[in-house]
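In the UniProt record's numbering, the protein residues as written are 1 to 294. Shown next, in structure tokens, is the structure this report addresses.
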């Protein structure tokens, strides 16, 4: 809660409150009375703003076992046989920052698809607190369900302007973990970029494996972009992942940013580190080109 309060205060420095309300009093009330965890960051303007000029962009629907799954789609207008990027969100779901990332890929010539992978569990943008979000949505979203939804999105891409031979995946935080796992799950994936995704953890029926568990057999090259100051992902877990990957065939790699913590790419949050985010973005594009997804 203290970290969330600090983030929120920093964001409110970019906004204004009327009626003489004290900022910290407002935040205490908001955070304790149903103020959506995911909307606090969105109160600030994204640093990077990507328009839709020359793009086809908006939400489409993919049906998976009778469930309609919303997917934010962005692509160059009128183009077909496009390389495909799956964009997997943080725990906050597909909000404006994730949509903007999809548009950034579209501007580079990709068909970018960001599915709402929490749709069965609830609306991640309207949950009252981080604890509630973790308990009521994240903990109840099984990996196998996520993989099935992403499989269906890949199938949609193949029949709607995407090149089935050029498919990659990237994700942030929760989505970074999924990036590693889905790269191991689907042989159609040619490359992945995982931004500060958890590598180790407890296992249960919903989360039977973590990236460390698939590292030795992973075939897809995945680039891991991590912050040395990320207290939630200690460097010893990164070192263990590197050791496990070295025993396998994937030719994956890590870039560790010494001045960054978690969520350094999230340009709508105080955690944003512009230099490292920009460097990571360029490395992401280069990684996909290097592995034939362009």
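Beta carbons: idealized from backbone N, C-alpha and C, even for Gly.
**Prompt:** Is residue 197 near residue 171, with beta carbons less than 8 angstroms apart?
**Reply:** yes
**Request:** For residue 244, collect the residues of the same chain with a Cβ closer than 8 angstroms to its Cβ; drop the 5 residues on either side in sequence, then sort them by chain order.
**Result:** 212, 215, 216
**Item:** Residues near residue 183 in its chain [Cβ-Cβ closer than 7 angstroms; skip 5 each side]
**Value:** 169, 189, 192, 218, 220, 222
**Prompt:** With a CB to CB cut of under 6 angstroms and the five nearest residues on each side skipped, what residues in its chain are close to residue 293?
**Reply:** 83, 166, 168, 190, 191
**Asked** What is the DSSP secondary structure of residue 288, reduced to helix, strand or coil?
**Response** helix
**Item:** Proximity winner among 281, 226, 210, 264, relative to residue 144 (alpha-carbon distances)
**Value:** 210
**Strand pairing of residue 68, partner residues [DSSP]** = 63
**Request:** Can you give me the start and stop residues for the beta strand (DSSP E) that residue 166 sits inside?
**Result:** 162-172
**Asked** Just how far apart, CA to CA, sit residue 270 and residue 81?
**Response** 38 angstroms
**Message:** Less than 8 angstroms between C-beta atoms, sequence neighbours within five positions excluded: which residues of the same chain meet that for residue 238?
**Reply:** 199, 224, 226, 254, 256
**Request:** Please state whether DSSP places residue 247 in a helix, a strand or coil.
**Result:** coil
**Request:** Give the range of the beta strand (DSSP E) segment to which residue 256 is assigned.
**Result:** 253-257
**Asked** Start and end of the beta strand (DSSP E) containing residue 200?
**Response** From DSSP, residue 200 is part of no beta strand (DSSP E); its letter is neither H nor E.
**Prompt:** Any idea if residue 115 is buried or exposed, counting beta-carbon neighbours within 10 angstroms, 16 or more meaning buried?
**Reply:** buried
**Prompt:** From what residue to what residue does the beta strand (DSSP E) around residue 83 run?
**Reply:** 82-88
**Message:** Considering Cα atoms alone, identify which of 235, 108, 49, 125 is closest to residue 289.
**Reply:** 108
**Message:** Could you compute how far the alpha carbon of residue 274 sits from the alpha carbon of residue 164?
**Reply:** 33 angstroms
**Asked** Is there contact here, the stretch 44-56 with the stretch 127-141, by at least three beta-carbon pairs under 8 angstroms?
**Response** no
**Burial state of residue 74 (16 or more Cβ within 10 Å)** = buried
**Asked** Rounded to a whole number of angstroms, what is the C-alpha to C-alpha distance between residue 88 and residue 112?
**Response** 10 angstroms
**Request:** Give the C-beta separation of residue 117 and residue 146 to the nearest angstrom, bearing in mind that I take them to be a contact with Cβ-Cβ under 8 angstroms.
**Result:** 5 angstroms
**Request:** With a cut-off of 8 angstroms on the beta carbons, I'd call residue 149 and residue 64 a contact; round off their distance for me.
**Result:** 5 angstroms
**Message:** Considering Cα atoms alone, identify which of 260, 97, 68 is closest to residue 119.
**Reply:** 68
**Prompt:** Which first and last residues belong to the beta strand (DSSP E) in which residue 115 is found?
**Reply:** 111-115
**Close-in-space but distant-in-sequence residues of the same chain around residue 250 (CB under 7 angstroms, 5 per side omitted)** = 218, 219, 220, 221, 222
**Prompt:** Across which residues does DSSP place residue 221 in a beta bridge pair?
**Reply:** DSSP, once it has assigned bridges, lists no residue as partnering residue 221.
**Asked** How many Å lie between residue 175 and residue 233 at the Cα?
**Response** 14 angstroms
**Prompt:** What residue range is occupied by the uninterrupted alpha helix (DSSP H) comprising residue 293?
**Reply:** It is not in any alpha helix (DSSP H) - residue 293 carries neither H nor E in the DSSP assignment.
**Coil, strand or helix - residue 79 by DSSP** = coil
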